[in-house]
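Novice: Numbering (our numbering), first residue to last: 18 to 269.
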């Protein structure tokens, strides 16, 4: 449930005040503007968190030129203006919003798992696999990004020439683990619990689903296989059922 959605065009600098956010701020008092790029997994993670907790927000979809964030020294997305405080980087935005919308703080272990295994782990390492495989890219663009079968066919054509190869990624991230390694680490952290937080989904569950839930739901072939190999199929089925029951037709 979004307050409004703005696509493309330049944007003037929003009103910003020095942080941090007041410690007493409540979910009902939140005023969020989220700057995103269509199809970006870190962006989907933040918007999913807000949608899951039924928070109204303004969504600004940036074009290729990113004119909408030219006022910002930080040139990546997502970026958020939360009650006039400018916050960048998905783990920071996520850990800022979660206590407000969920009503409890993230533990140090939860913050570490979300940051190291989801945001800076599975998310980029998964791109190496999924965005350079034609069959995966076709389903991703068509179904996960919701751009339709024609653009899915375009994705199938361009996947082999995209720059997100393992070689290019490892130039900037020489210690980067593979997506199966991160999924194995997540399985180890999950153990025999229903969810990472126990009986009910918590911050790690929502971050993981917000990032890659759509890839499982729409059966992106390689991702489904990696989930099965990691022993996480039952977990994903359980999480998908929970999200569908809570969000209904708004579930991603």
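Glycine is no exception: its CB is placed at the ideal position from the N, C-alpha and C atoms. All of these numbers come straight from a predicted model, not from anything done at the bench.
1. Classify residue 138: buried if its beta carbon has 16 or more other beta carbons within 10 angstroms, exposed otherwise.
2. Using 8 Å as the threshold, is the C-beta distance between residue 224 and residue 135 below it?
3. Determine, using beta-carbon pairs with one atom in the stretch 38-54 and one in the stretch 102-119, whether at least three such pairs fall under 8 Å.
4. Nearest-angstrom Cα distance between residue 59 and residue 216?
5. Beta-carbon of residue 32 versus every beta-carbon of chain B: anything under 8 Å?
6. Going by C-alpha to C-alpha distance, which of 98, 50 and 84 sits closest to residue 92?
7. Determine the contact status of residue 243 and residue 197, defining contact as a CB-CB distance below 8 Å.
8. Does the distance from the C-beta atom of residue 33 to that of residue 117 stay below 8 Å?
9. Between residue 114 and residue 212, what straight-line distance do the alpha-carbon atoms span, to the nearest angstrom?
10. For residue 161 and residue 30, I'd like the C-alpha separation in whole angstroms.
11. Measure the C-alpha to C-alpha separation of residue 77 and residue 50 and round it to an integer number of angstroms.
12. Please specify which runs of the alpha helix (DSSP H), each continuous and at least 4 residues long, are wholly inside the stretch 23-77, giving them in chain order.
13. Do you know whose CA, among 100, 269, 149 and 226, lies nearest residue 47's CA?
14. Just to confirm the assignment, what range does the alpha helix (DSSP H) spanning residue 196 have?
15. Locate the alpha helix (DSSP H) running through residue 257, then write down its first and last residues.
16. Quick check on residue 268: does DSSP put it in helix, strand or coil?
17. DSSP has residue 96 in a bridge; who is on the other side?
18. Report all residues from its chain with a CB closer than 7 Å to the CB of residue 231; omit the five preceding and five following residues, and keep chain order.
19. Please list, in chain order, all residues of the same chain as residue 219 whose beta carbon is under 7 Å from its beta carbon, the five residues on each side excluded.
Specialist: For this structure:
1. Locating residue 138 in the chain shown gives position 121, where the first residue counts as 1. So residue 138 ends up on the buried side.
2. Residue 224 sits at position 207 when you count from the first residue of the chain shown. Residue 135 sits at position 118 when you count from the first residue of the chain shown. Cβ distance < 8 Å, so residue 224 and residue 135 count as in contact.
3. yes
4. For the purposes of this step, residue 59 is taken as residue 42 along the chain shown, with counting starting at 1. For the purposes of this step, residue 216 is taken as residue 199 along the chain shown, with counting starting at 1. For residue 59 and residue 216, the distance between alpha carbons rounds to 26 Å.
5. In the structure shown, chain B cannot be found, because there is only a single protein chain.
6. The residue given as residue 92 occupies position 75 in the chain shown. Out of 98, 50 and 84, 84 has the C-alpha closest to the C-alpha of residue 92.
7. On the chain shown, position 226 is the one that residue 243 refers to. On the chain shown, position 180 is the one that residue 197 refers to. Yes.
8. As a position in the chain shown, residue 33 is number 16, starting the count at 1. As a position in the chain shown, residue 117 is number 100, starting the count at 1. In this structure, residue 117 does not lie closer than 8 Å to residue 33 by Cβ.
9. In the chain shown, residue 114 corresponds to position 97, counting from 1. In the chain shown, residue 212 corresponds to position 195, counting from 1. If you take the alpha carbons of residue 114 and residue 212, they lie about 20 Å apart.
10. Walking along the chain shown from the start, residue 161 turns up at place 144. Walking along the chain shown from the start, residue 30 turns up at place 13. So the alpha carbons of these two residues sit roughly 31 Å apart.
11. Sequence index remark: in the chain shown, residue 77 carries index 60 (1-based). Sequence index remark: in the chain shown, residue 50 carries index 33 (1-based). Roughly 7 Å between the two C-alpha positions.
12. Runs of the alpha helix (DSSP H) inside the stretch 23-77: 58-69.
13. Position 30 of the chain shown holds residue 47. Comparing Cα positions, the closest option is 100.
14. Position 179 of the chain shown, counting from 1, holds the residue named residue 196. First-last of the alpha helix (DSSP H) with residue 196: 196-207.
15. Taking the first residue of the chain shown as 1, we reach residue 257 at position 240. Element bounds for residue 257: 250-264.
16. Counted from its first residue, the chain shown places residue 268 at position 251. Look at residue 268 here: in three-state DSSP terms it is coil, with no helix or strand label.
17. Reading the chain shown from its first residue, position 79 is the one you call residue 96. Paired residue(s): 52 and 105.
18. Your numbering for residue 231 matches position 214 in the chain shown. Taken in chain order, the residues that qualify are 161 and 269.
19. In the chain shown, residue 219 corresponds to position 202, counting from 1. So the list reads 127, 212 and 213, once near-sequence residues are dropped.
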